[in-house]
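> Here it is: the structure, laid out below.
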Amino acid sequence: MRYRIRHITEYKYADRVSYCYNLAHMTPRTTGRQTCHTSRVEASPIAVSGHLREDYFGNTAFHFEIQKPHRELVITATSEVETRPQTGGISLDMGLTCAEVLRQMRNPATGDVLLAREYQMDSAMIKAAPELKAFAEDLFEPDRPLLNAVSALTDRIFTEFEYSPLATTIATPLSEVMASRKGVCQDFAHLQIACLRSLGFAAKYVSGYIETLPPEGQEKMVGADATHAWLSVYSPEEGWFEFDPTNNTMAGEQHIITAWGRDFYDVTPLRGVIFGGGTDPVMGVSVDVARI
Amino acid sequence: MSAELPQQTGLNTLDYNVPGLAGDEVRGADGEIKPHWAYLLDSLKSITPEALDERQQKAMRLLRDDGASYNVYTDDINPARIWGLDLVPNIIGSDEWGDIESGLLERAELLNLLLRDLYGPRQLIRTGVIPPEGLFAHRGFLRACHGIKMPGDHELIVHAVDMIRREDGSMLVLSDRTQAPSGMGYALENRTVMSRVFPSLFRDSHVHRLAAFFQQLRAKLISLCPHQSRPRIAVLTPGPRNETYFEHAYLANYLGFYLVQSDDLVVRNGFLWMKSLDGLNRVDVLLRRVDDWFCDPVELRSDSRLGVAGLLDVVRSGNLVVANPLGSGVLENPVLMKYLPAISKALLGRELRLPSVETWWCGERKDREYVLTHLEQLVVKPTFRMTGQFAVSGAHATKEQLAELKARIEAEPMQYIAQPLLPSSYLPTLKDQSLQPRPAILRSYAIAGTGSYSIMPGGLTRVGLEDDQFIISSQTGASSKDTWVVASEPEREVSNLPSGDEQTARDTDLVNLPSRVLENLFWLGRYAERAEAALRILRTSYSFLNGEEPLTPELRAYLLQVIAEATSTPVMNVPPTDSDMTRQLLEGPVHNAIGNMLNSMLFCADEAKELLTSDTYRVINDIRDTIPALSISQPSGMMSPEDVLNPLVTALMALSGLSHESMVRGYGWRFLEIGRRLERAMQSAALISGLLGPVLPEPEQSRITEALLLIMEGLISYRRRHGARIALQTGLDLVLLDPSNPRSIMYQLEKMQVQLREMPNKKTYLHELPAVERVLVEALSRIRLLSLSETCADDSGARKKLKVTMQEQKAAMIQISNLISDRYFDHREQSQQLVSGQWEGL
Chain P
141 MRYRIRHITE YKYADRVSYC YNLAHMTPRT TGRQTCHTSR VEASPIAVSG HLREDYFGNT
201 AFHFEIQKPH RELVITATSE VETRPQTGGI SLDMGLTCAE VLRQMRNPAT GDVLLAREYQ
261 MDSAMIKAAP ELKAFAEDLF EPDRPLLNAV SALTDRIFTE FEYSPLATTI ATPLSEVMAS
321 RKGVCQDFAH LQIACLRSLG FAAKYVSGYI ETLPPEGQEK MVGADATHAW LSVYSPEEGW
381 FEFDPTNNTM AGEQHIITAW GRDFYDVTPL RGVIFGGGTD PVMGVSVDVA RI
Chain H
217 MSAELPQQTG LNTLDYNVPG LAGDEVRGAD GEIKPHWAYL LDSLKSITPE ALDERQQKAM
277 RLLRDDGASY NVYTDDINPA RIWGLDLVPN IIGSDEWGDI ESGLLERAEL LNLLLRDLYG
337 PRQLIRTGVI PPEGLFAHRG FLRACHGIKM PGDHELIVHA VDMIRREDGS MLVLSDRTQA
397 PSGMGYALEN RTVMSRVFPS LFRDSHVHRL AAFFQQLRAK LISLCPHQSR PRIAVLTPGP
457 RNETYFEHAY LANYLGFYLV QSDDLVVRNG FLWMKSLDGL NRVDVLLRRV DDWFCDPVEL
517 RSDSRLGVAG LLDVVRSGNL VVANPLGSGV LENPVLMKYL PAISKALLGR ELRLPSVETW
577 WCGERKDREY VLTHLEQLVV KPTFRMTGQF AVSGAHATKE QLAELKARIE AEPMQYIAQP
637 LLPSSYLPTL KDQSLQPRPA ILRSYAIAGT GSYSIMPGGL TRVGLEDDQF IISSQTGASS
697 KDTWVVASEP EREVSNLPSG DEQTARDTDL VNLPSRVLEN LFWLGRYAER AEAALRILRT
757 SYSFLNGEEP LTPELRAYLL QVIAEATSTP VMNVPPTDSD MTRQLLEGPV HNAIGNMLNS
817 MLFCADEAKE LLTSDTYRVI NDIRDTIPAL SISQPSGMMS PEDVLNPLVT ALMALSGLSH
877 ESMVRGYGWR FLEIGRRLER AMQSAALISG LLGPVLPEPE QSRITEALLL IMEGLISYRR
937 RHGARIALQT GLDLVLLDPS NPRSIMYQLE KMQVQLREMP NKKTYLHELP AVERVLVEAL
997 SRIRLLSLSE TCADDSGARK KLKVTMQEQK AAMIQISNLI SDRYFDHREQ SQQLVSGQWE
1057 GL
C-alpha cells in the first residue's frame, strides 16, 4: 500500500517566542515492511540550520532552530511511504513458546538477543510492576506460543480498557491508567509493553500513523486522524512482531511506522526548548493519511 | 600523653601506631622509615611548634587570599570553606611512581577504547563481555550521545582515578572520574602554597613539577580545534555556587581560557557563541565542569539551567568540541569495574597492571545474594552518582538503615554495587602540633596527548579528618595534601608559557569578556558604593545623635530620614531620651539592609572572580568576614557602632583604591568605574536633597550642613578653605559643583563621561551622540548651569529648586543605568520545554 501522510503540529503561544530549538521524529523510517520514498519537514516561521540524522534507535531525527520571533509555530511533515504486511504467513499458533523465549532471553545465543535485552528493562516512562505482571500472567502459559499469548493480551487490553482521549495526558502514569481503565493508544502501548517486560519479555514502543477507513458511504475526513502508537515484541531467532492493542490487531499494511524506542520519551514527535512564550501554549495536531 | 614526651624542639617523630590492618605509608614492614620520607621528617624535627604554627597560618592566609574555597552543599548560610591543606605532603619515590604511572597510562588507554566501543559498535555487549543490563540500565549511558566522535586519537581527554595503598604497599583503584574530574586546580594550588610555605624544603626535595602536565592539557585542548589558528576555548562552570568553583576560575586563568556559565552561551546557526560586549563570538572548544546530564535541555535533562539548549547537536555536527565528551560519565559506572579484567583482555589482550577494587553487582543474581548476606562487611554504592546519594557502609549502619538498604537493593538491584570496606594506608598529618596517622586517598590525573596519555606527577591527596573515617570526601570535610613525587636528581625547569604557535583567542583579547562578567562588575561598583554611602551616613548620624550637644527634634528627624532613604528601610523611632541608642542603631532592618548590599556585592565579585587580583580578593574576604558582625546584636556597651562600621568603610575604600590601581583599563574596569560613579552621584543627590532641602534656622542649618560635609568627606577641605564657620552656599559648592572634589556630583559626572566615550558603539557616519551620552550631557549641563543663590533660595520653608534638581539628577542616573543595561547586558528570556513533563528518570 502506498500512502501520502501529512502531519501538522501547531503551537499557539500566549507570549512571543523569540527563539526555539527543536527535535522532531516525524520522518517515517524504512524498515523490513515499509519503504519511505520521500519525506519533508517544514516549519513556519522558517527553520534555520535544519538537518536530519539517524538516532541511536535508527530513527530519523530532524533538528532545527527558529530564529524569527513568533506567536504561532506550525510544523508540517509530508511523507510518501509504501507499506507491506508483516512477515508473510505468521501463524499465532506456531513459533517459540513463552518458556523457550524466556530461556533464550536468559541464555542468549547471539549478539542480537543480547542487544534485545535493552527492551526488557525499565525505561523512563515504563516501569515493571507486580500488578502489571498479575494482569497478564495467566495468558503466558509456558507451552503457549509467545505470539499467541501476546495476541491474547492485546485482546484483553482492548476489551477491558476504554478508549478515551480526555482521560489521560502524556504524563499520566501507568498506575492511573490501570486504575481508571481508560486511555489512548499511547497508554495502551505503554501498558502492554510494561506487562510484557514485567514477565521478562522484550518489547519496544512504536510510534507512527494508522489509516482509519471511513464508515461505509462517507467521505474520509481530512485531518481527523492523529498520530498512533503500538508495540513490537521480540522472539529470539524469529525477530520483532508488532501488535496494536488500541485496535486489537497485529500491525499491518495500514500501520505506518515513524520511529521506535523504549517508550514515548525516546520518540516524542516534537520536542524542544523555547525562549519566551508565556504560559499554557495551545497545541493542535492533525494527521491526514491518504492512499495514493 | 604529652606530658610523657621528652622535651624537644621540633615535631615529635612518628610515635604513633597505625590502627587495625591498615598500611603505613612512612614505615616499611621492618618498622624503619622509608628512605624517601627521611629528609622531610628530619627537616620537620628542626622546626619548633611555634614556627610550624606560623607556617600553617601563612598557608591559610595564602589559600584565603587566592580565594581557594570549597563550597559545602549542606551549609546554606555560609557554604564557602577555605580549602584545607595539611602541611605534611604525601611523598612517593620516583621509582615507585614509575610503576604507578605506567599502570595509570594503561588504564586511561583502556577506558578510552571502552568509551569508543560503548558509544560505537558495542562489540563488548554483542560478544557478552559486559552483560547488556550493565550498560543499558545505567543512567550515565546517554543514547543521545551515540556516535559522537572526538577529533584526534582519543575520546577520553581527562581521566582521574581515586586509589588507595593496600597493606602490602601496592596501589588499588577505587573509582574512575571521567566526566568533569575535579581537583586538578586544587592540586596546583596546594603545590603553589607549599612551595611558598616551605621554599627550601621544597627545593631540596627535588619534587617533580606540575607545569608540564598543565601545558599538555592546554596543548591538547588547542589541538582539538584543528581548523582555527587561534581557537576560542572556554571553561564551562555551573557558577559560583558549585562546590569547586574556585578551581574553575583558577584553571581558566592559569590556562588562559574564558570562564563561562550557561547564560554566557547561545547556539545559533549550528554553532556555539559567547555573548560579549561586541556581540557574539564563536566558541570552538569547551572544557566542561558541568555533568553530562545537565549540558543540554533539548536532548538531555529537560529542566537543566546549567547547560545550553542545542549544545549536543552542535557537537554532533563537529562545530564544537566538548571535553570530556558528552556521555563519558558512562565510564564512571562501577559495574564496569567488575568486568574490567575481561574488558581489558578483550581490548588490550592482557589484564591491567593496576588492579581495581573487587566489585559485586546486585544486577547479577549470585552477586546480589552474596551482597545481601554480607552487608556488614561491604560498602554499598549506587551505580550512578547524584547529589544526596551516598555510599553506605554496612559496618557503620544501624539495623534500620541496613533493612532500608536491603529493600532498596531488592527494588532496583541493577542500580547498586558493593565493594569491600578497605582500610586505606595512613599518612602522617599535622594535628595539635604533632603528627597523627590519617587514612589517605590519592586522586591522579591523566591527559590525552599525541599517541598516549600524560600523567600528573603526584595528584591530589585527601586525608580523613578522623583516624577511622571510612569515606574520604571533600564534601564530608576531608583535608588535602600536596603530593610529592621526589626524584633523586633535580628536574629541569619548565615554564607554563605556551609556545608561539599555540595561542588561543583569549591571549590576544583583553576586552572581550562575557557580558555577564561586565554586568557583574557594573553592579559590583554600584553595590560597593551604595553600601559605603549607607555606612557613612550611619556613622555620622550616630556620632551626631549620640554627641555632646543635643539635637533638635527636627535635625534628628532629618538624619533618621536620610538613613531610612539610603537603606530603603522604615524610618527608625529613636526616642530623644534613649540612652541605649547604640543598640537601636545596631539592630534591626538598617543593618540587615547593609548586610544585603554587601552580600549582593560579594555575589557580583564571585561572578567576576577571574578578573580580580589576589590583593583585591583579600579585601573582599575581609568584607565577607565582617558581615556576621553586622547582624549579630552586640553586647550593649561593649562595642560602639564605629568599631563595627569603620573597618567596613575602610575595606570598601581599599577595594575602590585597588580596582583603581591594579585593574587593567579594559572594559571590565570601565564598567566597574561607571557603576561606582553612577551610584555615588545618585546617593549624593539623595543625601543633599534630604539634608539641605528643608530651610532651618541657625545654628541648626550650619550643623546639618556640617553633617553633610562629614558624610561626604568634605569637612577637612572645607575648613581649610573657608575656616570653621559652616555656610550653606560654600558647603553646597563643595559637594555639588567643585570638579576637584572626588566626592562632588560634578566630579562623578565628568568621570562617567570619560568612560562612556570609550564604550564600543555602532559605527556610524552621523554625528549624534549615543543615547546614554545624551542623558549624561544633559545632567552635566543641569549641574553646571546652577546658580547657588537660586538653588539655596527659601521657598516657604523648603529649597524647592534644590530638591527638584536633585530629583532630576537621580532620575537621570536611573535612566543611564537602564540604557547601559539594555545596550550592553544580556536579557535572556525564560526558557521552557515545548512538551512539559520530565521523564529522564533522575
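Top to bottom, those sequences are chains P and H.
For the first sequence, position 3 matches number 143 in our numbering, and the numbering has no gaps at all.
For the second sequence, position 229 matches number 445 in our numbering, and the numbering has no gaps at all.
Every residue, glycine too, gets a C-beta built ideally from N, C-alpha and C.
1. Please state the DSSP three-state secondary structure of Leu-371(P).
2. Apart from the five residues on each side of it in sequence, which residues of its chain come closer than 7 Å, Cβ to Cβ, to Tyr-196(P)?
3. Can the beta-carbon of Leu-279(P) be found closer than 8 Å to that of Arg-296(P)?
4. How is Gln-652(H) classed by DSSP in three states: helix, strand or coil?
5. Within the 8 Å Cβ cut-off, does Arg-732(H) reach chain P?
6. For a cutoff of 8 Å on Cβ pairs, would you count Asp-529(H) as touching chain P?
7. Is the beta carbon of Trp-700(H) less than 8 Å from the beta carbon of Pro-337(H)?
8. Counting only beta-carbon separations shorter than 8 Å, does Leu-536(H) have a partner in chain P?
9. At 8 Å on the CB atoms, spell out the chain P contacts of Val-483(H), in chain order.
10. In chain order, what residues of the same chain have a beta carbon less than 8 Å from the beta carbon of Pro-225(P), not counting five sequence neighbours either side?
11. By DSSP, does Glu-770(H) sit in helix, in strand, or in coil?
12. Would the stretch 427-439 of chain H and the stretch 480-489 of chain H be scored as touching if the rule is three or more Cβ pairs under 8 Å?
13. Distance cutoff 8 Å, beta carbons only. Does Phe-341(P) sit that close to anything in chain H?
14. In angstroms, rounded to a whole number, what distance separates the CA positions of Val-253(P) and Asn-535(H)?
15. Counting only C-beta atoms, is Arg-243(P) closer than 8 Å to chain H at any point?
16. Between Val-514(H) and Thr-408(P), how many whole angstroms is the CB-CB distance? I'm expecting something under 8 Å.
17. Tell me which residues share the same chain as Ala-296(H) and place their Cβ nearer than 7 Å to its Cβ, disregarding the 5 neighbours each side in the sequence.
18. Quick one: give me the first and last residue of the alpha helix (DSSP H) that Cys-441(H) is part of.
19. Going by the CB atoms, is the gap between Gly-319(H) and Arg-569(H) shorter than 8 Å?
20. What does DSSP give as the partner residue(s) for Ala-201(P) in the beta ladder?
21. Can a CB atom of chain H be found closer than 8 Å to the CB of Phe-415(P)?
22. Candidates Leu-754(H), Phe-357(H), Arg-601(H): which alpha carbon is nearest Ala-923(H)'s?
23. Who are the near neighbours of Pro-282(P) in its chain, counting only those whose CB is closer than 7 Å to its CB and skipping five residues on each side?
24. By DSSP, does Ser-757(H) sit in helix, in strand, or in coil?
25. Taking the alpha helix (DSSP H) that Asp-281(H) falls in, what are its first and last residues?
26. Glu-258(P) and Phe-352(H): beta carbons closer than 8 Å?
27. How would you call Arg-321(P), buried or exposed, if buried means at least 16 neighbouring beta carbons within 10 angstroms?
28. Would you mind giving the Cβ-Cβ distance between Leu-303(H) and Val-413(H), rounded to the nearest angstrom? I have them listed as a contact below 8 Å.
29. I'd like to know whether the C-beta of Asp-428(P) is nearer than 8 Å to at least one C-beta of chain H.
30. With 8 Å as the threshold, decide whether the Cβ of Phe-352(H) is near any Cβ in chain P.
31. Distance, Cα to Cα, Ala-558(H) vs Met-366(H)?
32. So, with DSSP's three-state summary, where would you put Tyr-669(H)?
33. Leaving out five residues before and five after Ala-289(P) in sequence, what residues of the same chain have Cβ atoms less than 7 Å from its Cβ?
34. Looking at Pro-354(P): is its Cβ nearer than 8 Å to the Cβ of Lys-152(P)?
35. Would you call Leu-982(H) buried or exposed, if buried means 16 or more other Cβ atoms sit within 10 Å of its Cβ?
36. Since Phe-429(H) contacts Ile-810(H) with CB under 8 Å, what's their CB separation in whole angstroms?
If we stick to the structure as given:
1. Looking at Leu-371(P) - three-state DSSP - the assignment turns out to be strand.
2. Correct list: empty, nothing qualifies.
3. Yes. Within cutoff.
4. Strand at Gln-652(H).
5. So, not an interface residue.
6. Interface residue, yes.
7. At a Cβ-Cβ threshold of 8 Å, Trp-700(H) and Pro-337(H) do not count as neighbours.
8. Answer no: the Cβ-Cβ gap between Leu-536(H) and chain P never drops below 8 Å.
9. Near Val-483(H) (Cβ distances below 8 Å), the residues of chain P are Tyr-161, Glu-205.
10. Here the set comprises Arg-173, Gly-392, Glu-393.
11. DSSP, reduced to helix, strand and coil, places Glu-770(H) within a helical segment of the structure shown.
12. In the pairwise beta carbon analysis, the stretch 427-439 of chain H is classified as not touching the stretch 480-489 of chain H: fewer than three pairs are separated by under 8 Å.
13. No, because no Cβ of chain H sits closer than 8 Å to the Cβ of Phe-341(P).
14. Distance between the alpha carbons of Val-253(P) and Asn-535(H): 37 Å.
15. No - not a single Cβ of chain H is within 8 Å of the one on Arg-243(P).
16. Contact flag wrong, Cβ pair sits at about 11 Å.
17. Taken in chain order, the residues that qualify are Ser-285, Asn-287.
18. Segment: none, Cys-441(H) is in no alpha helix (DSSP H) and carries neither H nor E.
19. For Arg-569(H) and Gly-319(H), yes; Cβs fall inside 8 Å.
20. Answer is Arg-193(P).
21. Taking Cβ atoms only, chain H reaches closer than 8 Å to Phe-415(P), which makes this a yes.
22. It is Leu-754(H).
23. The beta carbon of Pro-282(P) lies closer than 7 Å to those of Thr-237, Cys-238, Ala-239 in the same chain, with the five residues before and after it left out.
24. Helix.
25. First-last of the alpha helix (DSSP H) with Asp-281(H): 265-281.
26. Yes, the pair counts as a contact, with Cβ atoms nearer than the cut-off.
27. Exposed.
28. Contact between Leu-303(H) and Val-413(H) is confirmed by a C-beta separation of about 7 Å, below the 8 Å threshold.
29. Output row for Asp-428(P): interface = no.
30. Chain P, which has a Cβ nearer than 8 Å to the Cβ of Phe-352(H), makes this yes.
31. Going by the C-alpha atoms only, they are around 26 Å apart.
32. In this structure, Tyr-669(H) counts as strand in the three-state DSSP scheme.
33. Excluding residues within five positions, the ones whose Cβ falls inside 7 Å are Cys-238, Leu-279, Phe-280.
34. Pro-354(P) places its beta carbon 8 Å or farther from that of Lys-152(P).
35. When all chains shown are included, Leu-982(H) counts as exposed.
36. Phe-429(H) to Ile-810(H), Cβ: 45 Å. No contact.
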